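Engineer:
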Amino acid sequence: MDWNAPLDNYCERVAPGLWGEPLNALSNGGFILAALVLWWLIRRRPGGPAAPASLHTLAALLLLIGLGSLAFHTFANRWSVLLDVGFIALFIHFYVVCFLHWFWGLKWKWAWLGVPAYLIAGQLISFTLGGLIGSGGGQYLPALVTMIAFAIALGFHPDESLRQYRKWFGLTAALFAVSLFLRTVDGPVCGDIVIGTHFLWHLCNSGVLFLVAYALVLRWREVTERQTLQ
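Letter 214 of the sequence shown, counting from 1, is numbered 213 in numbering that gives the first Met the number 0, and no numbers are missing.
1) Going by Cα to Cα distance, which pick from Val222, Val211, Leu128, Ala49 is closest to His92?
2) Skipping 5 residues on each side, what residues in its chain have a beta carbon closer than 7 Å to that of Cys203?
3) Using CA atoms only, rank isn't needed, just tell me which of Pro115, Ala75, Leu40, His72 is closest to Ala58.
4) Quick one: is Ile192 buried, meaning 16 or more other Cβ sit within 10 Å of its Cβ, or exposed?
5) Is the region 50-69 touching the region 89-104 in the sense that three or more CB pairs, one from each, lie closer than 8 Å?
6) Among the residues of its own chain, which have a CB less than 6 Å from the CB of Thr73, if the five just before and after it don't count?
7) Can you list, in chain order, the residues of its chain whose CB lies under 8 Å from that of Val36, leaving out five sequence neighbours each side?
8) Asn76 bridges to which residues according to DSSP?
9) According to DSSP, is Ile87 helix, strand or coil?
10) Less than 8 Å between the C-beta atoms of Leu217 and Cys97, yes or no?
11) Relative to the alpha-carbon of Ala4, which residue among Gly67, Asn76, Leu199, Arg43 has its alpha-carbon at the smallest distance?
12) Going by beta-carbon coordinates alone, are Gly137 and Ser125 separated by less than 8 Å?
13) For Glu20, count neighbouring C-beta atoms within 10 Å of its own C-beta (all shown protein chains included) and say buried if the count is 16 or more, exposed if not.
14) I need the boundaries of the alpha helix (DSSP H) containing Ile124, first residue and last residue.
15) Roughly how many angstroms separate the alpha carbons of Ala70 and Phe168, rounded to a whole number?
16) In chain order, what residues of the same chain lie with their CB nearer than 7 Å to the CB of Val144, ignoring the 5 residues before and after it?
17) Taking Leu6 and Val80 to be in contact with their CB atoms under 8 Å, please state how far apart those CB atoms are, rounded to whole angstroms.
18) How many Å lie between Ser68 and Leu99 at the Cα?
19) If you draw a straight line from the alpha carbon of His197 to that of Ile132, how long is it in whole angstroms?
20) For Ser160 versus Glu224, is the C-beta distance shorter than 8 Å?
21) Which first and last residues belong to the alpha helix (DSSP H) in which Met146 is found?
Shown next as structure tokens:
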């Protein structure tokens, strides 16, 4: 297999070359900016408890998503596509673990069971419903379904203070649905919109990932404040 073989997966690219997809490449700045803002929000409490490694890890993965996607939309070959999808997959699976820990209070060793659970559920969702979304968007359908499930589950959470987050995750899921739509129509609209819509997927998705990560930051602050008052 030639790992440097060029790929042409998106509307904007019409020829090989580092700047064959300028909007798709530059729009990854949204992920990088989201990661930097998230880090700033994590660290902006001088004198308070240090943020846990899990939150810093999410910020680092968000940054790596931007860099991995930037690599793919510039080099556009087999090795760079692995960076593109790989860092996204790491973020999603680690986020499931963090959600179970910070929102449901599971110990880390039990929260990690969320990874195989998500993998199994994701395969079932992709197998049954993935075909409804073209252009490879079906691989992200499990993430959308999971986000909706998070919103519903939080609505029934025994801790009333956590029920407010159901709207947060519900609205973020709606934004992700728009983002997924923009990713899916990149090919079909290519004849009419020569720049495609994939860059809008980047911009919307950077907002989605920032919002779900920031929800964990807020939850961590609530937990630490409760512990301080006890």
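Backbone N, C-alpha and C define an ideal beta-carbon position, used for all residues, glycine too. Just so we're clear, the structure is a prediction, and the values are computed from it rather than from any experiment.
Structural biologist: On the basis of the data shown:
1) Measuring from the Cα of His92, the nearest candidate turns out to be Val211.
2) Only Leu174, Val177, Ser178, Leu181 meet the Cβ criterion.
3) Nearest C-alpha to Ala58: Leu40.
4) Counting C-beta atoms within 10 angstroms of its own C-beta, Ile192 has fewer than 16 neighbours from the protein chains shown and is therefore classed as exposed.
5) These segments touch.
6) If we look at Thr73 and ignore the five residues flanking it on each side, its Cβ neighbours are Leu17, Ala24.
7) So the qualifying residues of the chain are Phe209.
8) According to DSSP, which records beta bridges pairwise, Asn76 is partnered with Pro5.
9) Ile87 falls in the helix class under three-state DSSP.
10) No, they are not a contact pair.
11) Each of Gly67, Asn76, Leu199, Arg43 was checked against the Cα of Ala4, and the nearest Cα belongs to Asn76.
12) Contact flag set, yes.
13) By the beta-carbon neighbour count (other beta carbons within 10 angstroms, threshold 16), Glu20 is buried.
14) Per DSSP, Ile124 belongs to the alpha helix (DSSP H) from 113-128.
15) Distance between the alpha carbons of Ala70 and Phe168: 30 Å.
16) Cβ within range, chain order: Ile124.
17) With a Cβ gap of about 6 Å, Leu6 and Val80 count as contacting.
18) For Ser68 and Leu99, the distance between alpha carbons rounds to 27 Å.
19) C-alpha separation (whole angstroms): 15 Å.
20) No, the Cβ-Cβ distance between Ser160 and Glu224 is not below 8 Å.
21) Here the alpha helix (DSSP H) through Met146 covers 140-154.
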